[in-house]
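Single-structure report; data block below.
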Amino acid sequence: MIQYLLFDLDNTLYSARYGLERNVDRRIIAYMASYLGLSLEEAAKQRREGIKFYGTTLEWLRNEKGLSDVEAYYAATHPEGEADTLPPNPMLRSFLESLPLPRAILTNSPREHVDRILNKLEIPEDLFTHIFDIRRNGFKGKPNAEVFYQVLAVLGTKPETTLFIDDYPPYMEGYLALGGKGLLLDEENAYPDYPHPRIRELWELTSYLK
Ligand SMILES: [Mg+2]
1 MIQYLLFDLD
11 NTLYSARYGL
21 ERNVDRRIIA
31 YMASYLGLSL
41 EEAAKQRREG
51 IKFYGTTLEW
61 LRNEKGLSDV
71 EAYYAATHPE
81 GEADTLPPNP
91 MLRSFLESLP
101 LPRAILTNSP
111 REHVDRILNK
121 LEIPEDLFTH
131 IFDIRRNGFK
141 GKPNAEVFYQ
151 VLAVLGTKPE
161 TTLFIDDYPP
171 YMEGYLALGG
181 KGLLLDEENA
191 YPDYPHPRIR
201 ELWELTSYLK
């Protein structure tokens, strides 16, 4: 029996087609290139390799590349106005309001990013009981098991009764490995062979609330 809904934010509560996350990626690579003195191509390549063992680029840069100014990193990668192209989504708001269970957000982004997105979507923050951002999680990101366990402890719930919805398979796999219930949101049908529950649109999650 599902008792709690735990949502990812980016490309889950709004569509990937707005390109917001692509822009964040571009800014991360530009920041890395400047910080490490690399070309953009080389920075992108090193990032692809480096983040294999981490949930976020920041964790990799802090652990292996000596990055200490986390706030400068966030200021560069999540500038004011980053969400300005996102339109309001009244349908999403009604949908969230109609769900009969408490809801929370778990994101590897910083809180200011969450606030901008919710503000642009016109989704009131109080539709969620908690917002777990990367700072609140001690700069540890999904799919770290510790992060999921910390979040569930705060929510007072368990993996098997908490439905997690995320668009990124490695994060979902991390949660499923804990015995969690999860839905991969695969808007573009990018993962047709994904072996676990998968939805194409957020609305489909209601079929899994048993
Ligand atoms: Mg996402």
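End of the sequence shown sits at 210 in the numbering used here; the numbers just go up one at a time, nothing left out.
Positions of the beta carbon are idealized from the N, C-alpha and C atoms, including for glycine.
Quick caveat, the model's predicted, so the values are computed rather than measured.
Proximity of the beta carbon of N11 to ligand 1 is indicated: a heavy atom of the ligand is located closer than 6 angstroms.
Looking at R136, G182, A44 and T161, the one whose alpha-carbon comes closest to that of P170 is G182. Distance from the CA atom of G156 to the CA atom of I134, rounded to whole angstroms, is 20 angstroms. As the crow flies, the alpha-carbon of G141 is around 20 angstroms from that of R26. Ligand 1 has a heavy atom closer than 6 angstroms to the beta-carbon of D8. For T57, the enclosing alpha helix (DSSP H) covers residues T57 to E64. Counted as a single uninterrupted DSSP element, the alpha helix (DSSP H) harbouring I28 occupies residues L20 to L36. Taking C-beta separations shorter than 6 angstroms and ignoring five residues to either side along the sequence, the partners of Y194 in its chain run L184, following chain order. Between ligand 1 and D167, a heavy atom-to-CB distance of less than 6 angstroms is present. Assigned with DSSP and collapsed to three states, L209 falls in coil, not helix or strand. In terms of CA proximity to G55, E173 leads the group T162, E173, E204 and L205. Here the C-alpha atom of A104 lies approximately 32 angstroms from the C-alpha atom of A30.
The DSSP-derived three-state label of T162 is strand.
DSSP places L155 in the helix class (H, G or I) of the three-state scheme. At a Cβ-Cβ threshold of 7 angstroms, L5 and L163 count as neighbours. DSSP places G182 within a strand segment (E or B) once states are collapsed to three. Looking only at A72, Q150 and K65, the smallest Cα-Cα distance to P110 is reached by A72. Under the three-state reduction of DSSP, R200 is assigned to coil, being neither helix nor strand. It is roughly 32 angstroms from the alpha-carbon of E59 to the alpha-carbon of L92.
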